[in-house]
Every structure is written in C-alpha cells, then in structure tokens.
Amino acid sequence: MMLKFWPYCLFLLALAPGSAFAQAMSVIGGSEDAHTCATSAQFAASTRDVGTVDVEPCDRALETEALGFKDRVATLINRGVIRVANGNFEDGYGDYNNVLKISPETPETYVNIGNMAPRGCAA
C-alpha cells in the first residue's frame with residue numbers, strides 16, 4: 002500500500018540523488034528521556050538498526066516533560082529517525098510532518114523525509 006507521502010519522497014529524491022544519512026538533533030535542555038531519545042536517534046541514523054523499545058524515551062519525553070520549543074522539535078525529529086530506522090515509515094513521517102507544522106524552517110526534517118524515498122516509502 003502506498004502512503005500519502007509518496008509524492009514528497011519522489012520530489013525529494015529528485016533533488017538529492019545520493020542518499021544522505023538521517024539527521025538526528027541534539028537536545029540542549031530537556032529531561033533524561035529526551036537525551037536518551039537523542040542518543041538512540043544518533044545510533045539509528047548511523048546504523049539504521051534499532052529496536053522498537055528505543056522509541057519509548059521519546060514518547061515519555063514528549064508526553065510528560067515540559068520541553069522547550071527547540072527540544073520538542075528535536076525530540077519529534079529524533080523519534081521520527083528511530084521509527085523510520087525500525088521500518089515504521091508512516092509514524093516516522095507523521096513525526097516529521099508535525100515538525101513541519103510547528104517549525105517549517107528546520108532543515109533536518111526535509112533531509113529525513115528525503116531519506117525515506119530510497120528506503121521504500123511504503124508500508
């Protein structure tokens with residue numbers, strides 16, 4: 002089944018024919034969970050292989066912590082990186098799309114959406 006973001010993937014693939022690595026973001030403030038999420042995303046970005054348990058600190062940070070704006074954006078991107086590394090493209094894209102709604106000037110979001118194209122962009 003093709004996902005609704007397939008046209009975006011094709012567009013971004015045309016812009017960057019070589020596949021860059023996913024872009025995780027550092028968390029400056031935030032909780033231990035937000036920092037664990039960032040570390041897991043950096044691992045996922047470099048190895049493209051993590052376990053689904055690694056997304057739980059991201060969920061906790063986003064649901065229970067009073068994150069600053071930049072740290073909330075970073076944690077959403079980091080959760081998206083982990084989800085995509087796990088093959089959960091739809092939820093990863095959902096995280097990236099949420100970032101675009103609140104912070105459309107964040108370049109990591111566009112890089113990460115573009116990186117989904119070579120990986121299949123389908124469920």
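Read left to right, the sequence shown gives residues 2 to 124 (the working numbering).
Here a beta-carbon is modelled for each residue, glycine too, at the ideal position from N, C-alpha and C.
Nothing here was measured: the structure is a model prediction, and the numbers come from that model.
Given residue i as reference, the closest of the options once Cα atoms are compared
i, options, result
"GLU33", "ALA45, ALA23, ALA46, LEU63", "LEU63"
"GLU57", "LYS102, THR37, GLU91", "THR37"
Cα-Cα separation, residue i to residue j
i, j, result
"SER20", "GLU109", "Bear in mind that a pLDDT of 43 at SER20, under 50, signals an unreliable position, so the number given afterwards is only what the model happens to contain. Approximately 14 Å, taken between the alpha carbons."
"SER104", "ALA75", "10 Å"
"GLN24", "ALA46", "6 Å"
"LEU77", "GLY88", "17 Å"
"GLY69", "ILE29", "9 Å"
"MET26", "GLN43", "8 Å"
"ARG84", "LEU101", "17 Å"
"ALA35", "GLY81", "13 Å"
"SER41", "GLU106", "24 Å"
"ALA86", "ASP92", "11 Å"
"GLU66", "TYR111", "26 Å"
Whether residue i touches residue j by CB criterion (7 Å)
i, j, result
"TYR94", "ASN113", "no"
"ASP72", "GLY31", "yes"
"ASN79", "ALA39", "yes"
Residue i Cβ short of 6 Å to the ligand HEM heavy atom set
i, result
"VAL28", "Although the ligand HEM was asked about, the structure shown includes no ligands whatsoever."
Cβ neighbour criterion (16 or more within 10 Å) applied to residue i
i, result
"ALA118", "buried"
"ASP55", "buried"
The alpha helix (DSSP H) enclosing residue i, as first and last residue numbers
i, result
"ASP55", "Careful: ASP55 lies outside any alpha helix (DSSP H) and carries neither H nor E."
"GLN24", "Unbroken run through GLN24: none, as it is neither H nor E."
"LEU1", "Outside the displayed span of the chain (2 to 124) sits residue 1, for which this structure offers no information."
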